[in-house]
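Peer 1: Following this message is one structure expressed as structure tokens.
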Amino acid sequence: MSDSTLSPAEARPVYAVESLVIDLYTPTLSVRAVDGASFHVAPGETLAVVGESGSGKTVMTLGPLGLLPEGVAVDLRGAARADGRDLLTMSAKDLSALRGGYFGVIFQDPISALNPMLKIGPQLARQAELYQGLSPEAARKEAVSLLARSGIPDPEDRFNRYPHELSGGMLQRAMIALALAARPRVLIADEPTTALDATVQAQILSLIRQIQKEDGIAVILITHDIGAVSVLADRVMVLYAGQVAEEGVAVDVLTDPIHPYTRGLLASVPDFRSETAVGTREIPGLPPNQASLEAGCRFVDRCERARPGCRTRRPELTAVRRGVAARRVACPVVLEEEGIAHG
Ligand SMILES: Nc1ncnc2c1ncn2[C@@H]1O[C@H](COP(=O)(O)OP(=O)(O)O)[C@@H](O)[C@H]1O
Ligand SMILES: [Mg+2]
350 MSDSTLSPAE
360 ARPVYAVESL
370 VIDLYTPTLS
380 VRAVDGASFH
390 VAPGETLAVV
400 GESGSGKTVM
410 TLGPLGLLPE
420 GVAVDLRGAA
430 RADGRDLLTM
440 SAKDLSALRG
450 GYFGVIFQDP
460 ISALNPMLKI
470 GPQLARQAEL
480 YQGLSPEAAR
490 KEAVSLLARS
500 GIPDPEDRFN
510 RYPHELSGGM
520 LQRAMIALAL
530 AARPRVLIAD
540 EPTTALDATV
550 QAQILSLIRQ
560 IQKEDGIAVI
570 LITHDIGAVS
580 VLADRVMVLY
590 AGQVAEEGVA
600 VDVLTDPIHP
610 YTRGLLASVP
620 DFRSETAVGT
630 REIPGLPPNQ
640 ASLEAGCRFV
650 DRCERARPGC
660 RTRRPELTAV
670 RRGVAARRVA
680 CPVVLEEEGI
690 AHG
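Just so we're aligned, residue 350 is where the sequence shown starts under my numbering, counting upward by one.
What follows is the structure in structure tokens.
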């Protein structure tokens, strides 16, 4: 697809996606996993992407880089730009090179990203050689320093360890070191702490924040941990069943959510908004089967505010004038009923 739908003002972001639609096909199923999503992230900025499991967070963020679920056929439409280039029309070879050097990805499961047959240090050194153009000797030094920087004690010793010799928390740190080895401009952390215990989670998040401050890189944090969003994110985007429900500056969205789904999501976090949340409250119901969606709002069956029109009218993301900065919300019902200035 052409990149002409991105305006010049949006050229500054290091990664920008506009009106992205991603359809996935298996022999038995076709799914619109991402339905018209847009986002951008600038140097030094952290964008959090939240939403429950299966809402399309991973496919939306990593799909344009060519990282897609295995065994499915994919149709991507819209625009995606990084490094001044159009990712959706790029050759597989160019995309692979850009993915390795420009983007660093921290996966939920570090074992899937590290080669179990190779020692940790040489894997890092190889990345640094390949993407930073370092000599083997310089790359080895860089690998040790990356391990140290990722908070791994005794990095010289850890350099020579195999992945299975490290604990979960240490492996996740090694994964971060690997993601940084190419000196990326964009760091994508896909639920980086889900498998870790609470203390280690906090350490990993503070490590990501420190690295971002030092290097000024853009971070996309995919998470369902609202606590992580409040600590790390500048902006937040709430995804529901492949559609953007709400998007804005994190402090606005977290303290004054507007979309019924965002409100439900935050109310289900114990003690997060203690004035309004009475204990843990789950949003009743299940996400829709994305293979059999109607034209309207995808949240309709679980929404307390639903009206008959919601089933047939697609909720457009609408600019809302409330809070400290621009925000967009895809719920005409709440905007009208609560008299929220918009448009
Ligand atoms: N391997 C797969 N096969 C078929 N459908 C898939 C596969 N992976 C993801 N999907 C579809 O894409 C949707 C979005 O998935 P994903 O981006 O992984 O969600 P999230 O990261 O928010 O948990 C899922 O709800 C599912 O419908
Ligand atoms: Mg995911």
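Even glycine gets a Cβ: it sits at the ideal position worked out from N, Cα and C.
Computed from a predicted model, the values in this text were never measured in an experiment.
For V580, which residues in the same chain have their Cβ closer than 7 Å to its Cβ, ignoring the five residues on either side in sequence?
Peer 2: Counting from one through the sequence shown, the residue named residue 580 turns up at place 231. The answer, listed in chain order, is L554.
Peer 1: Assuming the contact rule is C-beta atoms closer than 8 Å, G517 and Q552 should be a hit. Round their C-beta distance to whole Å, please.
Peer 2: Counting from 1 along the sequence shown, the entry for residue 517 is found at position 168. Counting from 1 along the sequence shown, the entry for residue 552 is found at position 203. Not quite, the Cβ-Cβ distance comes to about 12 Å (not below 8 Å), so this is no contact.
Peer 1: Cβ of I575 within 7 Å of any heavy atom in ligand 2?
Peer 2: Here residue 575 refers to the residue found at position 226 of the sequence shown. False, no ligand heavy atom lies under 7 Å from that Cβ.
Peer 1: Using the Cα positions of T407 and L436, report the straight-line distance between them to the nearest angstrom.
Peer 2: The sequence position of residue 407 within the sequence shown is 58, counting from 1. The sequence position of residue 436 within the sequence shown is 87, counting from 1. Straight-line Cα distance between these residues: approximately 17 Å.
Peer 1: By DSSP, does D503 sit in helix, in strand, or in coil?
Peer 2: Counting from 1 along the sequence shown, the entry for residue 503 is found at position 154. Correct three-state label for D503: coil.
Peer 1: Given that a residue counts as buried once 16 or more other Cβ atoms are within 10 Å of its Cβ, and exposed if not, what is S404?
Peer 2: As a first step, residue 404 is located in the sequence shown; it is residue number 55 there, counting from the start. Buried is the call here.
Peer 1: Once the 5 residues before and after G634 are set aside, which same chain residues still bring their CB inside 8 Å of it?
Peer 2: Numbered from 1 along the sequence shown, position 285 holds the residue referred to as residue 634. Only D650, R651 meet the Cβ criterion.
Peer 1: Drop a sphere of 10 angstroms on the beta-carbon of H513, count the other beta-carbons inside from all chains shown, and report buried for 16 or more, exposed for fewer.
Peer 2: Mapped onto the sequence shown, residue 513 falls at position 164. The residue is exposed, with fewer than 16 neighbouring Cβ atoms inside 10 Å.
Peer 1: Any chance you could list the alpha helix (DSSP H) runs of at least 4 consecutive residues sitting entirely within the stretch 383–419, in chain order?
Peer 2: Whole alpha helix (DSSP H) segments, 4+ residues: 406–411.
Peer 1: Just the C-alpha distance for V535 and Q559, rounded to the nearest angstrom, thanks.
Peer 2: Numbered from 1 along the sequence shown, position 186 holds the residue referred to as residue 535. Numbered from 1 along the sequence shown, position 210 holds the residue referred to as residue 559. Taking the straight line joining both Cα atoms gives about 15 Å.
Peer 1: Can you name, in chain order, every residue of its own chain whose Cβ lies under 6 Å from the Cβ of Q592, other than the five neighbours on each side?
Peer 2: Residue 592 sits at position 243 when you count from the first residue of the sequence shown. Excluding sequence neighbours, Q592 sits near D384, R647.
Peer 1: Start and end of the alpha helix (DSSP H) containing M439?
Peer 2: Counting from 1 along the sequence shown, the entry for residue 439 is found at position 90. Neither: M439 is in no alpha helix (DSSP H) and is coded neither H nor E.
Peer 1: Applying the 10 Å Cβ sphere with the 16-neighbour rule, what's the burial state of T377?
Peer 2: For the purposes of this step, residue 377 is taken as the residue at position 28 of the sequence shown. Exposed.
Peer 1: What three-state label does DSSP hand A530 in the structure shown?
Peer 2: Position 181 of the sequence shown holds residue 530. Three-state result, A530: coil.
Peer 1: When every heavy atom of ligand 1 is checked, does at least one fall within less than 7 Å of the C-beta of G415?
Peer 2: Your numbering for residue 415 matches position 66 in the sequence shown. Every heavy atom of ligand 1 is 7 Å or more from the Cβ of G415, so no.
Peer 1: Quick one: what's D539 bridged to in DSSP?
Peer 2: Translated into the one-based positions of the sequence shown, residue 539 becomes position 190. I571, per the DSSP bridge assignment.
Peer 1: Output the distance between the C-alpha atoms of G450 and A531, rounded to the nearest integer angstrom.
Peer 2: The residue you call residue 450 lines up with position 101 of the sequence shown. The residue you call residue 531 lines up with position 182 of the sequence shown. Roughly 5 Å separates the two Cα atoms.
Peer 1: Please report the distance separating the alpha-carbon of H573 from that of L588.
Peer 2: Residue numbering aside, residue 573 sits at position 224 when the sequence shown is read from its first letter. Residue numbering aside, residue 588 sits at position 239 when the sequence shown is read from its first letter. About 11 Å.
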